[in-house]
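Working notes for the structure below.
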Amino acid sequence: MIIQPKVRGFVCTTTHPVGCEVSVKEQIAYLKNRPVISDGPRNVLVIGASTGYGLASKMVASACCNANSIGVFFERPEGEGKFGSPGFYNAQALDKISTALGLISESINGDAFSDEIKTATIDLIRKRVGQVDCVIYSLASSKRVDPVTGEIYKSVLKPIGERFSSKTINTDKAKICEIELEPADDKEIFDTVKVMGGEDWARWINVLLSAKVLADGVKTIAYSYIGPEMTWPIYAKGTIGRAKEHLDETRKQLSIVLAKLGGRAYVSVNKAVVTQASAAIPVVPLYISILMKVMKEKNLWEGCLEQMYRLFSSKLYNVNELQLDDQGRIRLDDLEMRADVQSTVMDIFSKITTETIDELSNFSGYREEFLKLFGFCIDGVNYNS
Ligand SMILES: NC(=O)c1ccc[n+]([C@@H]2O[C@H](COP(=O)([O-])OP(=O)(O)OC[C@H]3O[C@@H](n4cnc5c(N)ncnc54)[C@H](O)[C@@H]3O)[C@@H](O)[C@H]2O)c1
0 MIIQPKVRGF VCTTTHPVGC EVSVKEQIAY LKNRPVISDG PRNVLVIGAS TGYGLASKMV
60 ASACCNANSI GVFFERPEGE GKFGSPGFYN AQALDKISTA LGLISESING DAFSDEIKTA
120 TIDLIRKRVG QVDCVIYSLA SSKRVDPVTG EIYKSVLKPI GERFSSKTIN TDKAKICEIE
180 LEPADDKEIF DTVKVMGGED WARWINVLLS AKVLADGVKT IAYSYIGPEM TWPIYAKGTI
240 GRAKEHLDET RKQLSIVLAK LGGRAYVSVN KAVVTQASAA IPVVPLYISI LMKVMKEKNL
300 WEGCLEQMYR LFSSKLYNVN ELQLDDQGRI RLDDLEMRAD VQSTVMDIFS KITTETIDEL
360 SNFSGYREEF LKLFGFCIDG VNYNS
């Protein structure tokens, strides 16, 4: 059966299952060529493990640390003549490969915000690995049902305080255009913090702790983003930025909670990469297209895998003293934020037009990376039958 990508705005509504599987295989093969990370984690829980940074974290844990891993995610499964969402196939492929490597690699598909999935995860940890010594929190969601009240919160990507207008890209038409966004109201800010802030991360850690499935010295890490000033109105100082501030506050509380196990909580500020979540943020696809061109020319470009390899190998493990920023965060966005990179990106951003997209940015590379998320454009896959 021939499957074509059907892209509408920032989503692709079709998935190529074989493409997803081959892509995961290729990524594991790439990681297997990198030095093994000694003294890494032994048993890892990844919440948000099927795509993007969470998938890359589970891959690095498996392929480079020889760690057992349990992944939690929320993906549309295959069924009744319908294909599943990409993460469904990614997770299946990763579990298959890791199991063949002699590791325990398991998945739970369901709503991580719910208490049912937390309980199911605890049961699985007890049954398969006993305890976990690393908990990665990598959820990106537009919605959360509060497990206590049943209330539904929806996150929005909006500026705070004033209207924001900027250049952006219409990715369907490859056109540069203007975007104008109204500021969020108080409820939208509150709801976004409820979904993407640290409340659910804390709930996870507290239930795992009470169930005694956290090992001594456990580390937990959640991912954040800051980015350049140009994107601050929509990111760092927008509704999502508020949620990330809440994550920072949660990190401090969790470190206190985990101190009794000799454990610690971290927030890692990662670089901008092409994922389903980042594709949905206004302005960011244009910024990443330009960033990709500039960083690739300087031989500095990193994707999720390179970032997560760096996190495990030189930040979380094998370090005498971890360098943190003045807010106590791990910084993996150092290359993205380098002054020479940012000044070139800003210069291009101010000049770029529809006519100069291909010359001044790597939009074709952005689009290819985006399609790869859905199993398309993967080398070695026959897309004609
Ligand atoms: N993409 C970037 O450029 C970037 C940069 C820095 C930090 N981050 C952060 O990294 C984290 C992960 O983002 P990503 O870009 O990898 O996103 P992604 O869209 O690729 O992955 C999101 C993951 O969350 C899971 N998920 C969503 N809702 C869920 C639910 N209710 N229950 C269980 N699982 C659920 C999905 O199944 C998937 O595994 C986010 O906190 C994001 O802010 C992303």
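Numbering-wise (numbering that gives the first Met the number 0), the sequence shown opens with residue 0 and increments by one. Virtual Cβ for every residue (Gly too), placed ideally from N, Cα, C.
- Annotation for threonine 191: the continuous alpha helix (DSSP H) segment containing it runs 185-195.
- Counted as a single uninterrupted DSSP element, the alpha helix (DSSP H) harbouring leucine 246 occupies residues 238-257.
- Going by beta carbons, threonine 343 and valine 293 fall inside the 8 Å limit.
- Taking 8 Å as the cut-off, the Cβ atoms of glycine 262 and leucine 213 count as close.
- Under the three-state reduction of DSSP, glutamate 296 is assigned to helix.
- For alanine 271, the closest of Gly129, Lys211 and Glu305 by C-alpha to C-alpha distance is Glu305.
- Between ligand 1 and the CB of asparagine 269, the shortest heavy atom gap is smaller than 7 Å.
- One residue list follows from the rule of a beta carbon closer than 6 Å to any heavy atom of ligand 1, given in chain order as Gly47, Ala48, Ser49, Thr50, Gly51, Tyr52, Gly53, Val71, Phe72, Phe73, Glu74, Gly86, Asp110, Ala111, Phe112, Ser137, Leu138, Ala139, Ser140, Tyr222, Ser223, Tyr224, Asn269, Ala271, Val272, Thr274, Gln275, Ala276 and Ser277.
- Only residues of its own chain outside the window of five on either side were considered, and among them Val273 and Ala278 have a CB closer than 7 Å to the CB of phenylalanine 369, listed in chain order.
- Restricting attention to Val282, Phe73 and Glu335, the CA atom closest to the CA of isoleucine 178 is found in Val282.
- Nearest to glutamate 74 by alpha-carbon distance, out of Ala139, Asp114 and Arg127, is Ala139.
- In the structure shown, serine 288 falls within a helical segment according to DSSP collapsed to helix, strand and coil.
- At the C-beta level, tryptophan 203 and alanine 221 stay beyond 8 Å of one another.
- When the five nearest sequence neighbours on each side are left out, the beta carbons in the same chain lying within less than 6 Å of the beta carbon of histidine 15 are those of Ile2, Gly374 and Phe375, in order along the chain.
- Residue range 338-350 is occupied by the alpha helix (DSSP H) that includes serine 342.
- Of the candidates Asp332, Asp190 and Ser384, Asp332 places its Cα closest to the Cα of cysteine 303.
- Secondary structure within the region 158-188: the beta strand (DSSP E) runs of 3 or more consecutive residues, fully enclosed, are 163-169 and 174-180 (chain order).
- For the set Phe163, Glu296, Ala276 and Leu290, the Cα lying nearest the Cα of glycine 47 is the one of Ala276.
- In the DSSP assignment, alanine 201 falls within the unbroken alpha helix (DSSP H) covering 198-209.
- Residue range 213-223 is occupied by the beta strand (DSSP E) that includes lysine 218, with no alpha helix (DSSP H) assigned at that position.
- Secondary structure of aspartate 122 (DSSP, three-state): helix.
- Buried is the label assigned to glutamine 26, since at least 16 other Cβ atoms lie within 10 Å of its Cβ.
- The beta carbons of serine 106 and alanine 90 sit closer together than 8 Å.
- One alpha carbon belongs to arginine 330, the other to tyrosine 224, and they sit about 9 Å apart.
- Residues Ser288 and Ile356 of the same chain have their beta carbon placed closer than 6 Å to that of phenylalanine 362, with the five preceding and five following residues left out of the count.
- With 16 or more other Cβ atoms from the protein chains shown falling within 10 Å of its own Cβ, glycine 240 counts as buried.
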